[in-house]
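Residue numbers (the numbering used here): 221 to 483. Below is one structure, written out as structure tokens; the observations come after it.
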């Protein structure tokens, strides 16, 4: 389908899809229309058989969060933020977390508010050296949403999470990397190529194993050790019956590179 607020590209050779948030004049801030396009694009990418996704932004920002111009501030008829979150932001975060492929955020500039937490909802975060992350909610009297209160404490600890959320201070990319929020920082000119190369590498891997690994890692946050090792057992049993496991073992025995198909 045609898109206005985003661009969608799929490389048939590498089976890597790329979604670019494409409202550069508005720092790629969210509107309801953008949300609808993102939901449709994610479904389209899954249907296409892509095996990795890169999410990035056009221009000088990754995403500046919600576009306030898309909200109604008329006294007595103000937009219901809870309804907005329930209808758009929460489904987007859940959709990204459940995709049957690895997702890379290539943060090319400012990631503020929901835009920062959109990046953290992805599996791996790459950032340009000039990028920054801002929990901007406090600046307009709000609480971090789009999973921010879940992602931040788990990744940087409570002290740093509260500091970021309560002050709304800008967190530079290299500091975000040292705190564990970012996998890798690259020179600005190298970000797109680095993200494409990593996505192509992941697309060649056993996709079901990658998705199962993501599921197990996230489950560990709320499970006991006994529950977690049982989950590992169940996932290993399931993957042990997959084509990619048989191919991986065969390739090892034949001393050649495996040809995984993601099944």
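Backbone N, C-alpha and C fix where the C-beta goes; we use that ideal spot for every residue, glycine too.
| Query | Result |
| --- | --- |
| For residue 319 and residue 266, what's the separation of their Cα atoms in angstroms? | 8 Å |
| Across which residues does DSSP place residue 277 in a beta bridge pair? | 241 |
| Can you give the Cα-Cα distance for residue 386 and residue 481, rounded to whole angstroms? | 46 Å |
| Whose C-alpha, out of 426, 256, 390 and 437, is nearest the C-alpha of residue 374? | 437 |
| Measure how close the beta-carbons of residue 363 and residue 357 come, nearest whole angstrom, since I'm counting them as under 8 Å. | 6 Å |
| Please confirm if the stretch 440-451 is in contact with the stretch 266-277, defined as three or more CB-CB distances below 8 Å between the two stretches. | no |
| Assess contact between the stretch 343-350 and the stretch 286-306, defined as three or more Cβ pairs (one per stretch) separated by less than 8 Å. Is contact present? | no |
| So what's residue 390 in DSSP terms, helix, strand or just coil? | strand |
| Taking contact to mean at least 3 C-beta pairs separated by less than 8 Å, is the stretch 404-420 in contact with the stretch 308-315? | no |
| Alpha carbon to alpha carbon, what distance is there between residue 474 and residue 368? | 46 Å |
| Within 10 angstroms of the Cβ of residue 325, are there 16 or more other Cβ atoms? Answer buried if so, exposed if not. | buried |
| If you run the structure through DSSP and keep just helix, strand and coil, what is residue 480? | coil |
| Taking the C-alpha atoms as reference points, what is the distance between residue 462 and residue 483? | 6 Å |
| Hey, which unbroken runs of the beta strand (DSSP E) at 3 residues or more fall wholly within the stretch 306-335? | 323-327 and 330-332 |
| Since residue 230 is in the beta strand (DSSP E), which residue starts that stretch and which ends it? | 226-231 |
| Mind reading off the beta-carbon distance from residue 432 to residue 411? Whole number of angstroms is fine, and I expect it under 8 Å. | 29 Å between Cβ atoms; not a contact. |
| Tell me which residues share the same chain as residue 223 and place their Cβ nearer than 7 Å to its Cβ, disregarding the 5 neighbours each side in the sequence. | 257 and 261 |
| Have a look at 221, 351 and 255 and flag the residue whose alpha-carbon is nearest the alpha-carbon of residue 332. | 351 |
| Mind checking whether residue 285 and residue 250 have CB atoms under 8 Å apart? | yes |
| Let me know the secondary structure DSSP gives residue 425 once reduced to three states. | coil |
| Taking all protein chains shown into account, do 16 or more other C-beta atoms lie within 10 angstroms of the C-beta of residue 470, making it buried, or fewer, making it exposed? | exposed |
| So what does DSSP say about residue 250, is it helix, strand or coil? | strand |
| Would you kindly work out how many angstroms separate the C-alpha atoms of residue 291 and residue 396, rounded to a whole number? | 31 Å |
| What are the start and end residues of the beta strand (DSSP E) that includes residue 405? | 404-406 |
| Name the residue from 353, 403, 404 and 399 whose alpha carbon lies nearest to the alpha carbon of residue 389. | 353 |
| Between the Cα of residue 235 and the Cα atoms of 243, 294 and 322, which residue gives the shortest distance? | 322 |
| To the nearest angstrom, how far is the alpha carbon of residue 445 from that of residue 439? | 11 Å |
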